[in-house]
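As they're listed, the protein sequences go chains A and E.
All you need for the numbering used here is the position in the first sequence, starting with 1, plus 2.
All you need for the numbering used here is the position in the second sequence, starting with 1, plus 22.
Beta carbons: idealized from backbone N, C-alpha and C, even for Gly.
Working notes, beginning with the structure itself.
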Amino acid sequence: MIDALIGGLLAVLQWKAFSFMLIGIGVGFWVGLLPGIGGLTSLALMLPFIYNMTPVEAFAFLLGMHSVTATTGDITSILFGVPGEGSAAATVLDGHAMAKKGEAGRALGAALMSSLVGAVIGALALALSIPVMRPLVLTFGAPELFTLAIMGIAFISSLSGQGGRGLVRGFLAGLLGLLLSLVGLDPQAAIERFTFGQLYLWDGVALVPFIIGLFAIPEIIDLAVRGTSIAGDLPQGNLSSGVWEGIKDTFRHFWLTVRCSLAGTFIGFMPGLGGSVAQWVAYGHAAQSARDAKERSGFGKGDVRGVLGPGAANNSKEGGSLIPTVAFGIPGSAAMAILLGAFLIQGIRPGLDMLDKHLTLTFSMVWTMVIANIITVAISLFFLNQLAKLTLVRGSILIPFILFLAFIGAYTEHNHLGDLITLLVFGLLGYLMIRCGWPRAPLVLGFVLGNIAEINFYISTTRYGITWLLRPAVLILIVLTLLAILYPLIRFPKRKATMAEDAV
Amino acid sequence: MKARMDIRFFLALGTVLLAGYALYSSIDWPLRTALFPRVIGIPLLLLALTEMILSAVGVEKEREGHAVDFELTTDVDPVIARKRTVAILGWTLGFLALIVVIGFPIAVPLFVFLYLKLVGKEGWLLTLILTALSWLFIEGLFNRLLHIPFPEGWIFSLLG
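In structure tokens form, the structure reads like this:
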């Protein structure tokens with residue numbers, strides 16, 4: 003095992019593999035920055051280039067590229083409020099709010115360092131967890147996966163607002179997201195649902211225009227209304243010290259970063275849940291770490307913990323999703339499904355061989371993820387000051403470019419004008435939700451999990467009838483869901499009472 | 023108590039109608055297609071009705087219901103804010119119209135040029151440099167390098 007660990011490192015450090023990794027990092031860096039050109043697309047586009055590479059070189063190239071897109075996707079989210087990747091949307095909430103407060107450097111520093119910590123934890127999980135996780139994943143059937151999806155939505159819905167009214171709005175948004183996910187052909191009977199006779203809607207509401215619209219359009223409107231730069235007329239601190247402060251924040255809230263990384267790893271590990279879910283669950287957990295209602299109200303307004311959680315989970319989920327791909331040949335995400343194609347191109351069969359015959363290759367993947375992230379963070383730190391200065395550029399100069407990026411990003415989903423209409427419709431919905439105090443996070447999570455929830459709900463009811471509700475793992479998850487719903491109602495009034503007593 | 027018909031009320035009303043439509047549509051579907059929409063639609067309808075009634079009677083304690091999300095700026099005079107909101111929505115829709123009529127490759131630099139000149143009131147040099155940059159970006163990266171199939175504008179299709 004130790005031999006394979008060292009062998010994996012040496013294999014990645016060979017000049018050819020290392021050079022391919024650097025090229026992959028370069029491509030991934032820009033792909034992550036540009037909204038709409040997703041890591042998924044770039045993985046698919048780069049697949050034909052690996053035919054003449056050795057397995058170690060091929061995975062250094064592809065994984066190097068893929069690990070970096072998750073990190074740099076946070077940069078556009080923070081600076082412009084436009085998610086560079088669908089999986090970087092949660093960072094917009096607090097990261098962009100920090101940029102507006104003149105703390106872009108700090109937000110970027112926190113995002114990058116937490117991404118690095120997340121990537122290392124994800125890679126460690128990949129290295130250590132295969133024998134431990136195998137029995138766990140085998141106990142998770144359709145009923146457990148459905149309950150897990152509902153738990154995720156309940157978790158974020160209950161934490162997205164304050165008091166009973168906040169709870170109502172959180173669940174309204176979550177359910178609305180679930181309903182929107184039902185648009186398109188029914189996965190069981192292929193019957194059209196809510197398509198209004200439009201062929202474009204047969205595949206459902208497009209994810210990228212949905213997310214870009216929901217997050218970017220309200221930010222653009224707000225920037226135009228303020229008539230200033232993103233950071234406004236606030237005095238700018240020293241950006242270098244801001245970046246350093248963000249790095250220190252990662253270690254100030256180290257356990258939160260670790261917990262969110264572990265959550266990301268676990269979600270990445272569960273086939274089908276995916277990266278868009280990991281970031282929101284981590285965001286919900288970060289919001290939960292607030293000590294009282296007043297502190298929690300700071301989330302969404304520029305709390306650094308709202309950047310650390312999603313940043314860490316976003317990267318750790320990559321290691322997590324590699325576990326079932328490598329060990330069982332079951333891709334943990336769409337990106338991993340493409341990577342499975344790379345295995346086939348290289349003539350390698352995922353499964354037991356990867357833990358035995360090709361163990362060095364497995365460890366080379368672990369090392370690639372760690373080294374690629376270290377290099378990215380180091381390179382990014384050199385450019386952060388320049389990048390953060392973009393928040394000082396006049397809004398009237400930035401707006402046409404942000405709008406152009408949002409439109410192009412949305413259009414690249416299906417290369418269809420319907421993508422642009424989706425962008426505007428959900429942009430308007432996002433704006434209305436903010437004006438009315440409805441949280442957007444549960445809407446996105448409901449939308450992302452809708453399909454998984456429906457399929458697993460259908461399988462559960464047809465296979466087990468009502469008895470699936472009595473399965474031990476389901477019961478545990480239901481209790482956790484109820485706790486998640488009741489927790490804010492129990493916790494905050496109690497704290498309020500304690501604070502009132504203290505004041506007396 | 024006087025009923026309030028503000029934007030919150032109308033957003034909740036819209037959701038009530040949406041949930042109602044979802045449930046109504048599911049009547050004609052077979053059970054396996056209709057099952058999940060109903061499981062989602064019923065609680066959505068009930069919660070949206072609750073939110074609509076609460077919005078109408080105006081029950082909202084200080085800070086209650088406050089979302090973990092960003093808040094729109096309140097520093098600008100509401101009349102100016104409304105004017106600017108309408109203006110940026112107009113520009114956004116105008117951009118979409120430009121794309122439909124003349125296609126992405128021309129619409130993008132034209133939009134950047136017009137916005138910088140008319141709204142930003144920027145100087146000619148900066149406007150022209152940024153317009154050229156936007157054209158290079160769309161033509162070089164998206165068109166030539168990534169070969170994204172941009173549809174030609176409606177006007178060009180008409181001209182044949």
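> Rounded to a whole number of angstroms, what is the C-alpha to C-alpha distance between E:Ile-121 and A:Gly-420?
Replying inline: 12 Å
>> I'd like the span of the alpha helix (DSSP H) that includes E:Trp-157, first residue to last.
In response: 146-158
>> I'd like the list of long-range same chain contacts for A:Met-356, defined as Cβ closer than 6 Å, with 5 residues on each side in sequence excluded.
In response: Val-328 and Thr-364
> Taking just the CA atoms, how far does A:Ile-249 sit from A:Phe-428?
Replying inline: 34 Å
>> Using C-beta distances below 6 Å, list every residue in its chain close to A:Leu-471, excluding the 5 sequence neighbours before and after it, in chain order.
In response: Once the five neighbours on either side are set aside, A:Leu-471 has no close Cβ partner at all.
> Taking three-plus beta-carbon pairs below 8 Å as touching, is the region 448-458 of chain A in contact with the region 162-178 of chain A?
Replying inline: yes
> A:Glu-456 touches chain E at which residues, Cβ-Cβ below 7 Å?
Replying inline: Within chain E, the residues Phe-58 have their CB atoms less than 7 Å from the CB of A:Glu-456, given in chain order.
> Smallest Cα separation from A:Ile-478: which of A:Ile-152, A:Gly-66, A:Gly-26 and A:Met-100?
Replying inline: When A:Ile-152, A:Gly-66, A:Gly-26 and A:Met-100 are compared, the shortest CA-CA separation from A:Ile-478 is found for A:Ile-152.
> Which bits of chain A does E:Tyr-46 rub up against, with CB to CB less than 7 Å?
Replying inline: Within chain A, no residue comes near E:Tyr-46; the closest Cβ sits about 11 Å away, beyond 7 Å.
> Between A:Thr-267 and A:Gly-321, which are expected to be in contact by the criterion C-beta below 8 Å, what is the C-beta distance as a whole number of angstroms?
Replying inline: 6 Å
> Near A:Ser-231, what residues of its chain come up, given a Cβ to Cβ distance below 8 Å and the 5 sequence neighbours on each side ignored?
Replying inline: Only Thr-393, Leu-394, Val-395, Arg-396, Gly-397 and Leu-400 meet the Cβ criterion.
> Which residues mark the beginning and the end of the alpha helix (DSSP H) in which A:Asn-453 is found?
Replying inline: That run of the alpha helix (DSSP H) goes 443-466.
> If you run the structure through DSSP and keep just helix, strand and coil, what is A:Arg-293?
Replying inline: coil
> Ends of the alpha helix (DSSP H) at A:Ala-72?
Replying inline: 57-82
> Would you call E:Met-183 buried or exposed, if buried means 16 or more other Cβ atoms sit within 10 Å of its Cβ?
Replying inline: Only positions 23 to 182 of chain E appear in the structure, and residue 183 of chain E is not among them; the question remains open.
> Taking DSSP as the reference, what is the three-state secondary structure of A:Gly-286?
Replying inline: helix
> What does a CB cutoff of less than 8 Å around E:Gly-116 pick up in its chain, not counting 5 residues either side in sequence?
Replying inline: Excluding positions up to five away in sequence, the list reads Phe-133.
>> I'd like to check one pair, A:Val-58 with A:Ala-19: are the Cβ atoms closer than 7 Å?
In response: yes
>> Classify A:Lys-359: buried if its beta carbon has 16 or more other beta carbons within 10 angstroms, exposed otherwise.
In response: exposed
> Can you find at least 3 beta carbon pairs, one from the region 339-353 of chain A and one from the region 292-311 of chain A, that sit closer than 8 Å?
Replying inline: Because the criterion of three Cβ pairs below 8 Å is not met, the region 339-353 of chain A and the region 292-311 of chain A do not touch.
> Near A:Val-279, which residues of its chain fall below 8 Å by C-beta distance, leaving aside the five closest residues on each side in sequence?
Replying inline: Gly-154, Ile-269, Leu-447, Val-450 and Leu-451
> Exposed or buried, A:Asn-317, counting other C-beta atoms within 10 Å across all chains shown (16 or more means buried)?
Replying inline: A:Asn-317 comes out buried.
> Counting only beta-carbon atoms, is A:Arg-293 nearer than 7 Å to chain E?
Replying inline: no
>> For a contact defined as C-beta to C-beta under 9 Å, what are the partners of E:Ser-156 on chain A?
In response: Those within 9 Å of E:Ser-156 in chain A are Pro-402, Phe-403 and Phe-406.
>> Measuring alpha carbon to alpha carbon, tell me which residue in A:Leu-258, A:Pro-326, A:Phe-301 and A:Arg-351 is nearest A:Ala-315.
In response: A:Leu-258
> E:Ala-44 lies in the alpha helix (DSSP H); which residues open and close that run?
Replying inline: 29-47
> So with Cβ pairs under 7 Å, would you call E:Leu-66 a contact of chain A?
Replying inline: Proximity of E:Leu-66 to chain A, defined by a Cβ-Cβ separation below 7 Å, is satisfied.
> Cβ of A:Gly-83 within 7 Å of Cβ of A:His-98?
Replying inline: yes
> Which word fits E:Lys-143, buried or exposed, when buried means at least 16 other C-beta atoms lie within 10 angstroms of its C-beta?
Replying inline: Counting Cβ neighbours within 10 Å, E:Lys-143 comes out exposed, since fewer than 16 surround it.
> For A:Leu-264, which of A:Ala-156, A:Leu-126 and A:Asp-205 has the nearest alpha-carbon?
Replying inline: For the set A:Ala-156, A:Leu-126 and A:Asp-205, the Cα lying nearest the Cα of A:Leu-264 is the one of A:Leu-126.
> Under a three-way DSSP split, which group does A:Leu-342 fall into?
Replying inline: helix
>> Going residue by residue through the region 136-180 of chain A, where are the continuous alpha helix (DSSP H) segments of at least 4 residues, counting only ones entirely within it?
In response: 144-161
> Shorter than 7 Å from the beta carbon of E:Val-141 to some beta carbon of chain A?
Replying inline: At a cut-off of 7 Å between beta-carbon atoms, E:Val-141 makes contact with chain A.
> How big is the Cα-Cα spacing for A:Val-245 and A:Thr-73?
Replying inline: Roughly 15 Å between the two C-alpha positions.
>> Please state the DSSP three-state secondary structure of E:Glu-161.
In response: Note: E:Glu-161 maps to helix in three-state DSSP.
>> Rounded to the nearest angstrom, what separates E:Phe-32 and A:Arg-228 at their Cα positions?
In response: Per the coordinates, the alpha-carbon of E:Phe-32 lies some 26 Å from the alpha-carbon of A:Arg-228.
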